[in-house]
């Protein structure tokens, strides 16, 4: 890619970030809440696309690591005296340290699973990681002293340098005459996290370890011949992916305000796989596009259910917003596999940076030999 195209891409990304930063000044709470859920999903999808698309390792246990991050933050930042009042107690760490600790816990869980990831592959790795989801559900429902059991537990508001990302502290905070409550403040926090997550992932993909992961994905034999420690890089990919998932869990806990075990079941892992399949496995931009589609669709369908004749009222036994969204997921996956096997991300990349050879055709074949030499070669 030329320097001009690179500068144009950077300028477009900066303009998009500025546009997204202006959203809280004009949109209402529903759109801000939806955006928070989408940004949390983007972080988790980036982690999974690095594992599945870049390193070539199938994982169905992404929801487990998201749960570790979410519940890890709630426990580390929870009030130590809350246990006396019936709510699960915590360690009372500052929210910033609790967020770092939650991401570290998720990475540690990925490191514990990495020996398995280094030895098995394909569908066997997928089944092994699937066991993590069921194990996690059992722990979340039964370890009530830490997780709150069926009722879940609250997430402590995030705070940084004395500024609280909630409706208080300060109480009358406003920007350009717009009151900034919890949703507006969290919008900028999560936007900053998403930008950093995308930046790190893109640099990782373009770095030497990223190229090594791609080599391991394409051919483990060739990677081993080139001196790449296959098991080490497979384990490294799992740890990085689980840390991304843990960070997504922290953002989910902050966006929801209260988390329950049902939010971290098998369906969440499937949703993340759908995100990277639709967006394009291995592409950071594809993970972003897929996460926007999958995370926002059920919320939008539920919000506009009164205007959609296909949707039935909750509890009536008809087709609900969640069911319709999953049908649309399936249709989108089929359409992508048939018409855009590389996903939305590769379609966008092809539209932005078309292949010059596709426009002008192959270069004409020319001969550098003299006519006399060509005649001698033809006689021979």
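Residue numbers (the working numbering): 8 to 387. C-beta atoms are modelled at their ideal positions from N, C-alpha and C, and glycine is treated no differently. Being a predicted model, the structure only gives us computed values, none of them experimental.
> Which first and last residues belong to the alpha helix (DSSP H) in which residue 164 is found?
Replying inline: Indexing the chain shown from 1 puts residue 164 at position 157. Secondary structure note for residue 164: it is in no alpha helix (DSSP H), with a DSSP letter that is neither H nor E.
> Can the beta-carbon of residue 108 be found closer than 8 angstroms to that of residue 96?
Replying inline: Counting from 1 along the chain shown, the entry for residue 108 is found at position 101. Counting from 1 along the chain shown, the entry for residue 96 is found at position 89. When the beta-carbon positions are compared, residue 108 and residue 96 stay at least 8 angstroms from each other.
>> Nearest by alpha-carbon distance to residue 7: which of 156, 21, 192 is it?
In response: Any answer about residue 7 is impossible in this case: the structure gives the chain only from 8 up to 387.
> Rounded to the nearest angstrom, how far is the Cβ of residue 114 from that of residue 246, given a contact under 8 angstroms?
Replying inline: Walking along the chain shown from the start, residue 114 turns up at place 107. Walking along the chain shown from the start, residue 246 turns up at place 239. Approximately 5 angstroms separates the beta-carbon atoms of residue 114 and residue 246; this is inside 8 angstroms, confirming the contact.
>> Once the 5 residues before and after residue 267 are set aside, which same chain residues still bring their CB inside 6 angstroms of it?
In response: One-based indexing of the chain shown puts residue 267 at position 260. Counting only Cβ-Cβ distances below 6 angstroms, and skipping sequence neighbours, we find 159.
> In this structure, does DSSP put residue 170 in helix, strand or coil?
Replying inline: For this step, residue 170 is matched to residue 163 along the chain shown. Residue 170: strand per DSSP, three-state reduction.
> Between residue 273 and residue 47, what straight-line distance do the alpha-carbon atoms span, to the nearest angstrom?
Replying inline: As a position in the chain shown, residue 273 is number 266, starting the count at 1. As a position in the chain shown, residue 47 is number 40, starting the count at 1. Spanning the two alpha carbons is a distance of roughly 18 angstroms.
> Can you list, in chain order, the residues of its chain whose CB lies under 6 angstroms from that of residue 154, leaving out five sequence neighbours each side?
Replying inline: As a position in the chain shown, residue 154 is number 147, starting the count at 1. So the list reads 78, 147, once near-sequence residues are dropped.
>> Using the three-state DSSP reduction, which class does residue 130 fall into: helix, strand or coil?
In response: As a position in the chain shown, residue 130 is number 123, starting the count at 1. Helix.
>> Which runs of the alpha helix (DSSP H) at least 4 residues long sit entirely within the stretch 73-151? Give them in chain order.
In response: If we require 4 residues or more, the alpha helix (DSSP H) runs fully inside the stretch 73-151 come out as 102-126, 130-149.
> From residue 365 to residue 307, what does the alpha carbon distance come to, in whole angstroms?
Replying inline: Here residue 365 refers to the residue found at position 358 when the chain shown is read from its first residue. Here residue 307 refers to the residue found at position 300 when the chain shown is read from its first residue. Residue placement at residue 365 is poorly supported in this model, since its pLDDT is 36, which falls under 50; the coordinates still yield a value, given next. Going by the C-alpha atoms only, they are around 39 angstroms apart.
> Taking the C-alpha atoms as reference points, what is the distance between residue 304 and residue 233?
Replying inline: Translated into the one-based positions of the chain shown, residue 304 becomes position 297. Translated into the one-based positions of the chain shown, residue 233 becomes position 226. The C-alpha of residue 304 lies about 44 angstroms from the C-alpha of residue 233.
>> On a Cα-Cα basis, can you pick out the residue from 66, 276, 293, 43 that is closest to residue 127?
In response: Working through the chain shown from its first residue, we reach residue 127 at position 120. Nearest C-alpha to residue 127: 66.
>> Measuring only the C-alpha atoms, how far is residue 186 from residue 180?
In response: Here residue 186 refers to the residue found at position 179 when the chain shown is read from its first residue. Here residue 180 refers to the residue found at position 173 when the chain shown is read from its first residue. Roughly 6 angstroms between the two C-alpha positions.
>> Can you give me the C-alpha to C-alpha distance between residue 39 and residue 190, rounded to a whole angstrom?
In response: For this step, residue 39 is matched to residue 32 along the chain shown. For this step, residue 190 is matched to residue 183 along the chain shown. Taking the Cα positions, residue 39 is about 6 angstroms away from residue 190.
> What's the call for residue 197, buried or exposed, on a 16-neighbour Cβ count within 10 Å?
Replying inline: Locating residue 197 in the chain shown gives position 190, counting from the first residue. Classification of residue 197: buried, given that the 10 Å Cβ count is 16 or more.
>> Quick check on residue 141: buried or exposed, where buried means 16 or more other Cβ atoms within 10 Å of its Cβ?
In response: Working through the chain shown from its first residue, we reach residue 141 at position 134. Flag for residue 141 reads exposed.
> Just the Cα atoms here: how many angstroms apart are residue 37 and residue 29?
Replying inline: Counting from one through the chain shown, the residue named residue 37 turns up at place 30. Counting from one through the chain shown, the residue named residue 29 turns up at place 22. Computed Cα separation, rounded: 16 angstroms.
> Rounded to a whole number of angstroms, what is the C-alpha to C-alpha distance between residue 87 and residue 340?
Replying inline: In the chain shown, counting from the first residue as 1, residue 87 sits at position 80. In the chain shown, counting from the first residue as 1, residue 340 sits at position 333. Cα to Cα, the separation comes out at about 46 angstroms.
> Just checking my contact of residue 195 with residue 51 at CB under 8 angstroms: how many whole Å lie between their CB atoms?
Replying inline: Looking up residue 195 in the chain shown gives position 188. Looking up residue 51 in the chain shown gives position 44. With 8 angstroms as the limit, residue 195 and residue 51 do not qualify as a contact, their Cβ atoms being about 20 angstroms apart.
>> Using only the alpha-carbon positions, how far apart do residue 15 and residue 207 sit?
In response: Locating residue 15 in the chain shown gives position 8, counting from the first residue. Locating residue 207 in the chain shown gives position 200, counting from the first residue. Going by the C-alpha atoms only, they are around 20 angstroms apart.
>> Based on DSSP bridge pairs, tell me the residues matched to residue 181.
In response: If you number the chain shown from 1, residue 181 lands on position 174. Its beta-bridge partners are 186.
> Cα-Cα, which of 145, 152, 353, 122 is closest to residue 81?
Replying inline: Here residue 81 refers to the residue found at position 74 when the chain shown is read from its first residue. When each option's Cα is compared against that of residue 81, the closest is 152.
> Going by beta carbon distance, what residues of the same chain come within less than 6 angstroms of residue 292, once the five residues before and after it are set aside?
Replying inline: Position 285 of the chain shown, counted from the first residue, corresponds to residue 292. Counting only residues of its own chain and dropping the five nearest sequence neighbours on each side, residue 292 has a CB closer than 6 angstroms to the CB of 352.
>> At a cut-off of 7 angstroms, would you count residue 83 as near the ligand NAP, judging by its Cβ distance to the nearest heavy atom?
In response: The ligand NAP is not among the ligands present in this structure, which contains no ligands whatsoever.
> Going by beta carbon distance, what residues of the same chain come within less than 6 angstroms of residue 219, once the five residues before and after it are set aside?
Replying inline: Residue mapping note: residue 219 aligns to position 212 of the chain shown, counting from 1. Counting only Cβ-Cβ distances below 6 angstroms, and skipping sequence neighbours, we find 235, 240.
>> For residue 295 and residue 336, which I take to be in contact (beta-carbon distance under 8 angstroms), what is that distance rounded to the nearest angstrom?
In response: Reading the chain shown from its first residue, position 288 is the one you call residue 295. Reading the chain shown from its first residue, position 329 is the one you call residue 336. Not confirmed; about 17 angstroms, so no contact.
>> Among 69, 202, 104, 200, whose alpha-carbon lies nearest the alpha-carbon of residue 143?
In response: Sequence index remark: in the chain shown, residue 143 carries index 136 (1-based). Ranking the options by Cα distance to residue 143, first place goes to 69.
>> Quick check on residue 21: buried or exposed, where buried means 16 or more other Cβ atoms within 10 Å of its Cβ?
In response: For this step, residue 21 is matched to residue 14 along the chain shown. Using a 10 angstroms sphere on the CB of residue 21, the tally of other CB atoms stays under 16, which defines it as exposed.
>> According to DSSP, simplified to helix, strand and coil, what is residue 235?
In response: Within the chain shown, numbered from 1, the residue matching residue 235 stands at position 228. In the three-state reduction of the DSSP assignment, residue 235 falls in the coil class.
> Alpha carbon to alpha carbon, what distance is there between residue 248 and residue 133?
Replying inline: For this step, residue 133 is matched to residue 126 along the chain shown. For this step, residue 248 is matched to residue 241 along the chain shown. Inter-residue distance for residue 133 and residue 248 is about 14 angstroms (C-alpha atoms, whole angstroms).
>> Please report the distance separating the alpha-carbon of residue 103 from that of residue 83.
In response: Your numbering for residue 103 matches position 96 in the chain shown. Your numbering for residue 83 matches position 76 in the chain shown. One Cα belongs to residue 103, the other to residue 83, and the distance between them is close to 10 angstroms.
>> Quick check on residue 384: buried or exposed, where buried means 16 or more other Cβ atoms within 10 Å of its Cβ?
In response: The count along the chain shown starts at 1 and reaches residue 384 at position 377. Confidence at residue 384 is low in this model, with a pLDDT of 42, below 50, so its placement is unreliable and the value that follows should be read with caution. Flag for residue 384 reads exposed.
> Using the beta-carbon count (16 or more within 10 Å), is residue 214 buried or exposed?
Replying inline: Here residue 214 refers to the residue found at position 207 when the chain shown is read from its first residue. Result: exposed.
>> Quick check: residue 204 and residue 53, are their CB atoms within less than 8 angstroms of each other?
In response: For the purposes of this step, residue 204 is taken as residue 197 along the chain shown, with counting starting at 1. For the purposes of this step, residue 53 is taken as residue 46 along the chain shown, with counting starting at 1. Taking C-beta atoms as the reference points, residue 204 and residue 53 count as a pair closer than 8 angstroms.
> Just the Cα atoms here: how many angstroms apart are residue 216 and residue 89?
Replying inline: The residue given as residue 216 occupies position 209 in the chain shown. The residue given as residue 89 occupies position 82 in the chain shown. Computed Cα separation, rounded: 44 angstroms.
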